[in-house]
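Under UniProt numbering, the first residue of the sequence shown is numbered 1, with each subsequent residue one higher. Backbone N, C-alpha and C define an ideal beta-carbon position, used for all residues, glycine too. Below is one structure; the comments refer to it alone.
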Amino acid sequence: MQSAMKRYARTAVVAAALGLSALGAAAKEPPHEGVEVGKSSRLAGLVPAAQVEQAADQQYHQLLQQAQAKNALAPATSPQYKRLEAISQRLIPQSYAWNERAKTWKWEVNVVGSQQVNAFCMPGGKIAVFTGIMDKLQLSDDELAMVVGHEMAHALREHARARMSKGALTQGGMRIGGAVLSGIFGIDPHITDMAARGAASLLTLKFSRSDESEADLVGMELAARAGYDPRAAITLWKKMAQASQGQPPQWMSTHPSSTTRIAELERNIPRVMPLYQRTVAKR
1 MQSAMKRYAR TAVVAAALGL SALGAAAKEP PHEGVEVGKS SRLAGLVPAA
51 QVEQAADQQY HQLLQQAQAK NALAPATSPQ YKRLEAISQR LIPQSYAWNE
101 RAKTWKWEVN VVGSQQVNAF CMPGGKIAVF TGIMDKLQLS DDELAMVVGH
151 EMAHALREHA RARMSKGALT QGGMRIGGAV LSGIFGIDPH ITDMAARGAA
201 SLLTLKFSRS DESEADLVGM ELAARAGYDP RAAITLWKKM AQASQGQPPQ
251 WMSTHPSSTT RIAELERNIP RVMPLYQRTV AKR
């Protein structure tokens, strides 16, 4: 990221009015190989996928416009952007087995200049990685692939859609007003008045720990299939734990403890190591 970029920390808030009458396509269950995470949540089917993805697309581009206005959006010529794009282009083809809609998503990747240790993939394949996580943790390509794979897994398993459905159910089946996707993706909720107005929705829309654990495993498999060493998932979370110094960053506020997630990842590495080795052998 060029030094001229200023710290970017504006929040993105999606106001989506989601009805409960339409059922969307549920995340596809892949043929068994690699990790086991069970079936995707049936709650996701309570809101239409296309509407969630459209709302996410609109807010994602508002986020990019705000970043551009702050000179905090990495140009396509920057080394960090090129690196993220190259990694993402290897991961994306691996996503299709997990969600058939992913084949039609208009995937986008961007690097945002911010000290936040954060990254996200909005519904519909809208990826953003903040320079804070890349620079502060000094991520290797394998580790960055684990980060991006983890975030992609949230979109593929439709965790945001399921959480939004749950939020609708808690309101007695009424339409969701001001559903806050920024709360799900860990973007600082204290930056704008708009975010403050949506603060009541943040608690119901943050990913659960089970969502995070699932994204860990699915993301590790995506990365392994793309030819990234799955053992990097362990070094990533050790770095994250060290960087947090007892005070988890907002991105990790609903994540499992480092000890728990590392143990689970280590237990599953033998399941995905053959996938990684097979991909590497074909190069």
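Annotated as distal: L156 and A226, with beta-carbon spacing of 8 Å or more. The beta carbons of M164 and A232 sit no closer together than 8 Å. Note on E266: under 16 other CB atoms within 10 angstroms of its CB, so exposed under the neighbour-count rule. Going by DSSP, A86 is part of the alpha helix (DSSP H) stretching over P79 to L91. Taken through DSSP and simplified to helix, strand or coil, V272 comes out as helix. Residue environment: T131 is assigned as buried (16 or more neighbouring CB atoms within 10 Å of its CB, all protein chains considered). In the structure shown, L73 falls within a strand segment according to DSSP collapsed to helix, strand and coil. Look at V112 here: in three-state DSSP terms it is strand.
Remark: C-beta atoms of V111 and A69 do not approach each other more closely than 8 Å.
At the C-beta level, A241 and V272 stay beyond 8 Å of one another.
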